[in-house]
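Report on the following structure.
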Amino acid sequence: MAAGKRGVQRDRRVADPIAHIRERCAITDDGCWEWQKALTSQGYGIVAISDYLHVSKLVHILTFTILVGPVPAGLELDHLCRNRACCNPEHLEPVTHAENVRRSEAAAVQRARHAARTHCKRGHAFDEENTARDTRGHRRCRTCNREWAQRKAAS
6 MAAGKRGVQR DRRVADPIAH IRERCAITDD GCWEWQKALT SQGYGIVAIS DYLHVSKLVH
66 ILTFTILVGP VPAGLELDHL CRNRACCNPE HLEPVTHAEN VRRSEAAAVQ RARHAARTHC
126 KRGHAFDEEN TARDTRGHRR CRTCNREWAQ RKAAS
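Take my numbering: the last position of the sequence shown gets the number 160, and nothing is skipped along the way.
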């Protein structure tokens, strides 16, 4: 085993890539195969198996491809367990990028933060009288919308 660029583990000969990967994972109580070696800056496991694909691969994509099949075109894998280091294919689901973002914790935090706001960014109350919903269900300040429409009409 030799150290590769940026700390990515490079194994020269691997007869069984899944056994190789499983040996480098810790199995958590909730069934995650948690990668214990190199991680990307975003927390995803990464490995280079030279005799298999000749390139560094994200571990969750590699295990899914070997055990389930290729990720369908236009889709990406969503970690249903919310553990980016997990490479258990049973915890992965191919979804669109939009769906993956919608499901993400960051998106959930942002939605909760927006829902908790009592006033718009210009200080108008988000109450029943002053709140409209757009086609996507997002709240809009009626006072701000009215002021914007007046400015636009005047110009």
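Note that the Cβ used here is the ideal one computed from N, Cα and C, for glycine as well.
Per DSSP, the continuous beta strand (DSSP E) segment holding glutamate 98 begins and ends at 97-100. Here proline 77 is exposed: its Cβ has fewer than 16 other Cβ atoms, across all protein chains shown, within 10 Å. Comparing alpha carbon positions, the residue from Thr140, Glu152, Asp139, Arg145 closest to arginine 122 is Arg145. In the three-state reduction of the DSSP assignment, cysteine 30 falls in the strand class.
Counting along the chain, no alpha helix (DSSP H) covers glutamate 39; the unbroken beta strand (DSSP E) around it starts and ends at 38-40. When the alpha-carbon of proline 22 is set against those of Thr45, Thr68, Cys37, the nearest one is in Thr68. Contact check for cysteine 149 against asparagine 93 fails: the beta carbons are separated by 7 Å or more. Following the DSSP letters along the chain, one finds cysteine 149 in no beta strand (DSSP E) but inside the alpha helix (DSSP H) bounded by residues 147-159. In this structure, the beta-carbon distance from arginine 147 to alanine 137 falls below 7 Å.
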